[in-house]
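Chain order of the listed sequences is C and Y. Position one of the first sequence corresponds to residue 1 (my numbering), numbered consecutively onward. Position one of the second sequence corresponds to residue 702 (my numbering), numbered consecutively onward. From the three backbone atoms N, C-alpha and C, an ideal C-beta is built for every residue, glycine too.
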Amino acid sequence: MSPQLNRRDFLVLAAGAGGGLTLAAVTADAAEPGAFAANAFVTIATDGKVTVTVKHLEMGQGVATGLPVLVAEELEVAPAAIRVAFAPANAKLYNNLLWGPTQGTGGSTAMANSWKQLRKAGAAAREMLIEAAARRLRIDRAGLVAIDGEIVHWPTARRLSYGELASDAARLSPPDNPPLKPASEFRLIGKAGVKRPDSKAKSNGSALFGGDIRLPGMVTALVARPPVFGAKLKAFDRSAVLRLPGIVAVVPISSGVAVVGTDFWAARRGRAALKLEWTLPDQRPSSATIRQDFTVLLDQPGKTVRNEGDGALGLELGVTRLNAVYESPYLAHAPMEPLNCLVRLSRDRCEIWAGSQSQTADQARAAKAAGLEPSQVEIHTIHAGGSFGRRANATSDYIVEGVETARAVGAPVRLMWTREDDIAGGCYRPAFVHGFDAALDGGGMPLAWRHRLVGQAIIEGVDALSVEGAANLPYAIPHLQVELHSPKLPIPVLWWRSVGSSHTAFATECFLDELAHAGGKDPLELRRVLLADHPRHLGVLELAAAKAGWGVPLPPGKGRGLAVHESFHSFVAQVAEVKIGPKGEITVERVVCAVDCGVAVTPDVIRAQMEGGIAFGLSAALFGEITIRDGAAEQSNFHDYRCLRMSEMPRIEVHIMDSAAAPTGVGEPGVPPIAPAVCNAIFAATGKRIRRLPIGDRMPE
Amino acid sequence: MFSLIVNGERHKVDAAPDMPLLWVLRDILGLGGTKYGCGQNQCGACTILVDGEAKQSCMLPVGAVSGRRITTIEGLDGAIGKTLIAVWTELDVPQCGFCQSGQILSAAALLRRIPRPTDADIDTAMDGNLCRCGTYNRIRAAVHLAAFRLGGGK
Ligand code: FES
Ligand code: FES
Numbered sequence: 001m002s003p004q005l006n007r008r009d010f011l012v013l014a015a016g017a018g019g020g021l022t023l024a025a026v027t028a029d030a031a032e033p034g035a036f037a038a039n040a041f042v043t044i045a046t047d048g049k050v051t052v053t054v055k056h057l058e059m060g061q062g063v064a065t066g067l068p069v070l071v072a073e074e075l076e077v078a079p080a081a082i083r084v085a086f087a088p089a090n091a092k093l094y095n096n097l098l099w100g101p102t103q104g105t106g107g108s109t110a111m112a113n114s115w116k117q118l119r120k121a122g123a124a125a126r127e128m129l130i131e132a133a134a135r136r137l138r139i140d141r142a143g144l145v146a147i148d149g150e151i152v153h154w155p156t157a158r159r160l161s162y163g164e165l166a167s168d169a170a171r172l173s174p175p176d177n178p179p180l181k182p183a184s185e186f187r188l189i190g191k192a193g194v195k196r197p198d199s200k201a202k203s204n205g206s207a208l209f210g211g212d213i214r215l216p217g218m219v220t221a222l223v224a225r226p227p228v229f230g231a232k233l234k235a236f237d238r239s240a241v242l243r244l245p246g247i248v249a250v251v252p253i254s255s256g257v258a259v260v261g262t263d264f265w266a267a268r269r270g271r272a273a274l275k276l277e278w279t280l281p282d283q284r285p286s287s288a289t290i291r292q293d294f295t296v297l298l299d300q301p302g303k304t305v306r307n308e309g310d311g312a313l314g315l316e317l318g319v320t321r322l323n324a325v326y327e328s329p330y331l332a333h334a335p336m337e338p339l340n341c342l343v344r345l346s347r348d349r350c351e352i353w354a355g356s357q358s359q360t361a362d363q364a365r366a367a368k369a370a371g372l373e374p375s376q377v378e379i380h381t382i383h384a385g386g387s388f389g390r391r392a393n394a395t396s397d398y399i400v401e402g403v404e405t406a407r408a409v410g411a412p413v414r415l416m417w418t419r420e421d422d423i424a425g426g427c428y429r430p431a432f433v434h435g436f437d438a439a440l441d442g443g444g445m446p447l448a449w450r451h452r453l454v455g456q457a458i459i460e461g462v463d464a465l466s467v468e469g470a471a472n473l474p475y476a477i478p479h480l481q482v483e484l485h486s487p488k489l490p491i492p493v494l495w496w497r498s499v500g501s502s503h504t505a506f507a508t509e510c511f512l513d514e515l516a517h518a519g520g521k522d523p524l525e526l527r528r529v530l531l532a533d534h535p536r537h538l539g540v541l542e543l544a545a546a547k548a549g550w551g552v553p554l555p556p557g558k559g560r561g562l563a564v565h566e567s568f569h570s571f572v573a574q575v576a577e578v579k580i581g582p583k584g585e586i587t588v589e590r591v592v593c594a595v596d597c598g599v600a601v602t603p604d605v606i607r608a609q610m611e612g613g614i615a616f617g618l619s620a621a622l623f624g625e626i627t628i629r630d631g632a633a634e635q636s637n638f639h640d641y642r643c644l645r646m647s648e649m650p651r652i653e654v655h656i657m658d659s660a661a662a663p664t665g666v667g668e669p670g671v672p673p674i675a676p677a678v679c680n681a682i683f684a685a686t687g688k689r690i691r692r693l694p695i696g697d698r699m700p701e
Numbered sequence: 702m703f704s705l706i707v708n709g710e711r712h713k714v715d716a717a718p719d720m721p722l723l724w725v726l727r728d729i730l731g732l733g734g735t736k737y738g739c740g741q742n743q744c745g746a747c748t749i750l751v752d753g754e755a756k757q758s759c760m761l762p763v764g765a766v767s768g769r770r771i772t773t774i775e776g777l778d779g780a781i782g783k784t785l786i787a788v789w790t791e792l793d794v795p796q797c798g799f800c801q802s803g804q805i806l807s808a809a810a811l812l813r814r815i816p817r818p819t820d821a822d823i824d825t826a827m828d829g830n831l832c833r834c835g836t837y838n839r840i841r842a843a844v845h846l847a848a849f850r851l852g853g854g855k
């Protein structure tokens with residue numbers, strides 16, 4: 001039993017002054033006397049209410065739906081009867097099993113992590129309830145079964161509800177290895193009909209996000225940050241700000257100057273009136289120079305990340321030689337909810353409400369900023385209005401800003417970023433340039449493939465984040481070299497939904513398409529041959545191609561393109577159909593997607609993630625680009641960082657492979673194939689290759 | 702001091718006349734369902750109804766809507782609003798959910814004007830509402846289903 005669970009606070013809203021939302025902390029059901037906390041994840045109250053604690057952040061990818069289903073399956077309760085609670089920051093109880101001793105969400109790991117852990121948690125609770133019932137009824141436990149919230153003894157038709165058994169079960173010790181159901185007995189996992197528990201609250205406006213929570217005495221802070229990446233604050237003059245209504249304080253913090261007001265508007269007006277002087281760094285790159293420097297590196301050998309066969313020989317032996325350069329820009333995540341958090345600080349305690357994506361790191365950095373121990377920092381994880389990786393970053397930027405400001409002003413602080421702060425604020429998907437040199441043999445089959453990547457490292461020394469999707473290219477090509485250059489630049493970069501695969505899939509799948517055409521082969525046919533040893537790639541490829549009607553002619557002006565990619569151990573193939581209008585207008589009309597993510601735990605969530613991943617990837621492929629000028633981003637809001645809109649959304653069909661493999665993630669793998677599928681479709685329609693993203697909404701000249 | 706009629710209730714609000722309605726709703730009246738996504742009339746997260754018409758509230762000065770009837774997601778309780786919220790839930794439209802109040806308000810204004818919208822009508826009415834999670838196809842399906850239900854369909 002976990003004392004953490006018993007002491008956990010959760011949020012309730014009460015109508016406060018002026019109809020406002022006020023926050024009160026009350027003790028959760030879990031602390032009710034007699035409640036049965038079977039483990040860190042499952043609690044059953046004496047009225048039978050089941051609470052499942054979800055340790056991953058719900059940022060839209062459906063963890064609050066899929067993870068409780070794993071418990072429900074083994075515990076034998078209806079998913080709709082489960083209350084979902086987000087776990088407190090506690091790396092001992094709630095670490096990400098794939099990351100070691102740290103709690104956090106990302107890398108599409110939630111389902112892979114939880115597949116065994118949460119089924120075991122549900123099964124352990126079930127076994128303890130059965131044991132409690134056996135003792136209560138003084139019969140052998142072999143005659144007892146768990147059904148829909150009750151333990152039933154069929155021969156005598158006696159039944160005891162979970163609520164009735166809770167306090168007895170609480171006194172038992174949990175089994176180490178509770179038996180798990182065989183897949184043949186699943187009634188929830190893989191079945192249609194499981195609903196998202198949060199749809200209603202997210203439709204009627206009652207779901208709480210960071211900016212929605214209010215505390216008595218709370219103030220709102222915006223931060224004036226450096227106008228150029230790497231600039232340092234020299235001086236600031238707050239006198240004009242302090243004369244404005246609603247201004248509470250203007251305080252320097254480590255990232256800039258926090259302007260604190262009674263509300264967002266006051267703080268925003270105040271920030272606009274602040275006079276700041278900055279010391280600019282010497283190195284202030286621009287996109288054009290970055291591009292030039294990257295391109296120069298393409299001619300130099302990089303660090304070898306894969307080397308098979310003899311590259312130079314392979315290239316020489318080839319009958320046809322091909323080379324190409326592919327380019328992907330910097331990208332902002334631009335989640336719909338700009339970053340924010342709420343911080344309440346006292347002498348010995350720091351409470352944070354945030355859509356925290358990396359609780360352990362956030363807790364440690366918050367503690368440092370507050371001058372407290374990590375154990376004195378309590379993080380209430382709440383819904384995040386998207387993240388796509390942005391909230392998990394190397395400095396816990398928005399959390400630290402909130403804590404530092406709260407410390408300086410001595411009141412609860414709601415720290416908010418504006419959209420301009422978000423788009424221009426860095427933490428971008430790094431720009432990459434990909435250089436290819438390849439050779440085909442006399443039969444038109446790829447013989448040699450040399451791929452050089454140039455782009456900033458997200459974490460220095462961790463090449464995998466740059467080359468994933470390229471270094472593990474699945475195609476059987478005898479001579480295969482992959483090399484990496486990781487130039488250093490003062491532009492902050494970060495993982496962005498699907499990380500390395502967000503650019504490697506574009507480059508490799510487009511270039512493979514080039515090889516197919518150069519060798520006179522159908523792109524599907526060539527992939528079939530080269531993927532003979534990769535059944536899961538082949539499986540999704542065949543499924544998507546068949547459903548899309550690959551090979552069936554399209555009218556002039558239309559084209560079909562194909563891409564297949566593995567990321568985060570899930571396999572996705574997509575076929576895009578595009579139409580090119582008389583003025584070169586590009587319309588992506590239809591996308592057929594096949595996914596193999598192992599056991600499809602909640603199929604509708606998987607479909608939603610493929611739809612969302614395609615929209616996200618397409619948005620970037622068509623429009624997404626942050627350009628840098630003199631060390632600063634040139635874009636600032638959705639007018640110049642354009643995102644996909646309703647009228648630009650293609651029809652999408654998602655097909656899920658049957659699989660008995662352990663489930664893998666779906667939050668990211670839908671993204672990588674869409675850019676190459678669309679670019680390959682544009683080639684099929686027009687004979688023109690797109691080698692540089694974004695494409696734009698018209699054919700480039 | 703401004704007199705606002707929000708969700709049928711009259712409020713006296715002490716705010717600068719240039720304060721956008723969005724922040725009056727969120728920070729003064731405590732109605733958190735209307736969201737901030739851009740502050741530049743670019744994303745639709747802040748969409749509300751003014752006299753039944755969908756308007757983005759993030760650049761709308763409170764002084765301009767004094768005395769007008771304002772509806773937010775919290776007060777969307779007519780047949781159209783209830784139906785939209787129900788079908789949104791039924792089709793599991795939201796992912797992160799942050800854009801959805803704005804989406805539903807835009808849809809409500811659309812169905813009020815055009816009870817059986819075409820895809821093109823939906824595109825026109827909803828193109829100002831971004832969804833970074835890409836729920837557009839489900840939104841489209843939900844609008845059609847709501848129209849069907851409101852027209853007496855089961
Ligand atoms: S917040 Fe008003 S349109 Fe984006
Ligand atoms: S549901 Fe996340 S932005 Fe629309």
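Please check the pair L723 of chain Y and S758 of chain Y, which I expect to be a contact at CB under 8 Å, by giving their CB distance rounded to whole angstroms. One-based indexing of the second sequence puts residue 723 of chain Y at position 22. One-based indexing of the second sequence puts residue 758 of chain Y at position 57. At roughly 4 Å, the Cβ-Cβ gap stays under 8 Å, so L723 of chain Y and S758 of chain Y are in contact.
May I have all residues whose beta carbon comes closer than 6 Å to any heavy atom of ligand 2, sorted in chain order? C:G60, C:M336, C:G386, Y:P795, Y:Q796, Y:C797, Y:G798, Y:F799, Y:C800, Y:Q801, Y:C832, Y:R833, Y:C834 and Y:T836
Tell me the DSSP secondary structure of Q103 of chain C in three-state form. Taking the first sequence and counting its residues from 1, one reaches residue 103 of chain C at position 103. Looking at Q103 of chain C - three-state DSSP - the assignment turns out to be coil, as it is neither helix nor strand.
Any heavy atom of ligand 1 closer than 6 Å to the CB of Y737 of chain Y? By 1-based counting over the second sequence, the position of residue 737 of chain Y is 36. Flag set: Cβ of Y737 of chain Y near ligand 1.
Can you give me, in chain order, the residues of the region 726-749 of chain Y that have a beta carbon less than 8 Å from any beta carbon in chain C? R727, D728, I729, L730, G731, L732, G733, G734, T735, K736, Y737, G738, C739, G740, Q741, Q743, C744 and A746
Taking Cβ positions only, does W265 of chain C come closer than 7 Å to chain Y? Translated into positions along the first sequence, residue 265 of chain C becomes position 265. So yes, W265 of chain C belongs to the interface.
Among C:L453, C:P487, C:A677 and C:A258, the one whose alpha carbon lies nearest that of G500 of chain C: The residue given as residue 500 of chain C occupies position 500 in the first sequence. That would be C:L453, whose Cα lies nearest to the Cα of G500 of chain C.
Counting only runs of 4+ residues fully inside the region 428-501 of chain C, write out the alpha helix (DSSP H) ranges in chain order. 464-467
Between C:A332, C:L144 and C:A192, which lies nearest to N637 of chain C when the distance is taken from Cα to Cα? Reading the first sequence from its first residue, position 637 is the one you call residue 637 of chain C. Per the Cα distances, C:A332.
If you draw a straight line from the C-alpha of E74 of chain C to the C-alpha of R119 of chain C, how long is it? Sequence index remark: in the first sequence, residue 74 of chain C carries index 74 (1-based). Sequence index remark: in the first sequence, residue 119 of chain C carries index 119 (1-based). C-alpha separation (whole angstroms): 6 Å.
Taking the alpha-carbon positions, what's the V152 of chain C to R141 of chain C distance? By one-based count along the first sequence, residue 152 of chain C stands at place 152. By one-based count along the first sequence, residue 141 of chain C stands at place 141. Their Cα atoms are separated by approximately 10 Å.
Helix, strand or coil for E164 of chain C, going by three-state DSSP, please let me know. Your numbering for residue 164 of chain C matches position 164 in the first sequence. E164 of chain C falls in the helix class under three-state DSSP.
So that I know if they touch, is there some Cβ in chain Y lying closer than 7 Å to that of A673 of chain C? On the first sequence, position 673 is the one that residue 673 of chain C refers to. Here the sequence assigns Pro to residue 673 of chain C, which means Ala is not the residue at that position. Output row for P673 of chain C: interface = no.
Looking at the C-beta of F186 of chain C, does it have a partner C-beta in chain Y at a distance below 7 Å? The residue you call residue 186 of chain C lines up with position 186 of the first sequence. False, the Cβ-Cβ gap to chain Y never drops below 7 Å.
Whole angstroms is fine: what's the gap from L339 of chain C's alpha carbon to V482 of chain C's? Locating residue 339 of chain C in the first sequence gives position 339, where the first residue counts as 1. Locating residue 482 of chain C in the first sequence gives position 482, where the first residue counts as 1. Going by the C-alpha atoms only, they are around 37 Å apart.
Which residue or residues does DSSP assign as beta-bridge partners of A133 of chain C? In the first sequence, counting from the first residue as 1, residue 133 of chain C sits at position 133. DSSP lists no partner for A133 of chain C.
Every unbroken alpha helix (DSSP H) inside the region 362-420 of chain C [4 residues or more]: 397-409
Tell me which residues share the same chain as A110 of chain C and place their Cβ nearer than 8 Å to its Cβ, disregarding the 5 neighbours each side in the sequence. As a working note, residue 110 of chain C is residue 110 in the first sequence. Hits under 8 Å: H56, Q61, V63, G66, L67, G665 and G667.
CB contact flag (K547 of chain C, H655 of chain C, <7 Å): Residue mapping note: residue 547 of chain C aligns to position 547 of the first sequence, counting from 1. Residue mapping note: residue 655 of chain C aligns to position 655 of the first sequence, counting from 1. A contact, by the Cβ cut-off of 7 Å.
Residue from Y:L761, Y:K756, Y:A810 and Y:P762 with nearest C-alpha to L779 of chain Y: Within the second sequence, residue 779 of chain Y is the residue found at index 78, counting from 1. It is worth fixing the name first, because residue 779 of chain Y is Gly in this sequence and not Leu. Of the listed residues, the one whose Cα sits closest to G779 of chain Y is Y:A810.
Below-7 Å beta-carbon distance, G770 of chain C vs any chain Y residue: With chain C represented from 1 up to 701, any question about residue 770 of chain C goes unanswered, as that position is not in the structure.
Need the endpoints of the alpha helix (DSSP H) that N838 of chain Y sits in, please. Here residue 838 of chain Y is taken as the residue at index 137 of the second sequence, counted from 1. N838 of chain Y -> alpha helix (DSSP H) spans Y837 to L851.
Name, going along the chain, the residues of the region 795-812 of chain Y whose beta-carbon falls closer than 8 Å to a beta-carbon of chain C. Against chain C - using a Cβ distance shorter than 8 Å - the residues of the region 795-812 of chain Y are P795, Q796, C797, G798, F799, C800, Q801, S802 and I805.
Using the three-state DSSP reduction, which class does I695 of chain C fall into: helix, strand or coil? As a first step, residue 695 of chain C is located in the first sequence; it is residue number 695 there, counting from the start. Looking at I695 of chain C - three-state DSSP - the assignment turns out to be coil, as it is neither helix nor strand.
By DSSP's criteria, K275 of chain C is part of a beta bridge. Which residues make up the other side? Translated into positions along the first sequence, residue 275 of chain C becomes position 275. Answer by DSSP bridge pairing, in chain order: C:D237.
Cα-Cα separation, I379 of chain C to A367 of chain C: As a first step, residue 379 of chain C must be located in the first sequence, where it is residue number 379. As a first step, residue 367 of chain C must be located in the first sequence, where it is residue number 367. Approximately 11 Å between the Cα atoms of the pair.
Reducing DSSP to helix, strand and coil, say where Q4 of chain C ends up. Residue mapping note: residue 4 of chain C aligns to position 4 of the first sequence, counting from 1. With a pLDDT of only 32 at Q4 of chain C, under 50, the local geometry of the prediction cannot be trusted, and the value read off the model is given with reservation. Residue state, collapsed to three classes: helix.
Ligand 1 heavy atom lying under 6 Å from the CB of A746 of chain Y: Position 45 of the second sequence, counted from the first residue, corresponds to residue 746 of chain Y. Yes.
Under 8 Å: do the region 254-272 of chain C and the region 226-242 of chain C share three or more Cβ pairs, one atom per stretch? yes
Just to check my reading of the structure: V578 of chain C and K558 of chain C have Cβ atoms closer than 8 Å, yes? What is that Cβ distance to the nearest angstrom? Position 578 of the first sequence, counted from the start, is the residue given in the question as residue 578 of chain C. Position 558 of the first sequence, counted from the start, is the residue given in the question as residue 558 of chain C. So it is a contact: roughly 7 Å between Cβ atoms.
Element boundaries [beta strand (DSSP E), containing E754 of chain Y]: Stepping through the second sequence from its first residue, residue 754 of chain Y is reached at position 53. Run containing E754 of chain Y: E754 to Q757, per the beta strand (DSSP E) assignment.
Looking at the C-beta of T772 of chain Y, does it have a partner C-beta in chain C at a distance below 7 Å? By one-based count along the second sequence, residue 772 of chain Y stands at place 71. So, not an interface residue.
Leaving aside the five residues before and after T405 of chain C along the sequence, list all residues of the same chain whose C-beta is less than 8 Å from its C-beta, in chain order. Within the first sequence, numbered from 1, the residue matching residue 405 of chain C stands at position 405. Same-chain partners within the cutoff: A221, V223, V251, I253, A258, V260, V343, V413 and L415.
Mind pulling the chain Y residues with CB within less than 8 Å of S108 of chain C? If you number the first sequence from 1, residue 108 of chain C lands on position 108. What S108 of chain C touches in chain Y: nothing, since even the nearest Cβ is about 15 Å away.
Against A384 of chain C, what residues of chain Y qualify as contacts under a CB-to-CB distance less than 8 Å, listed in chain order? As a first step, residue 384 of chain C must be located in the first sequence, where it is residue number 384. Per Cβ cutoff of 8 Å: C797.
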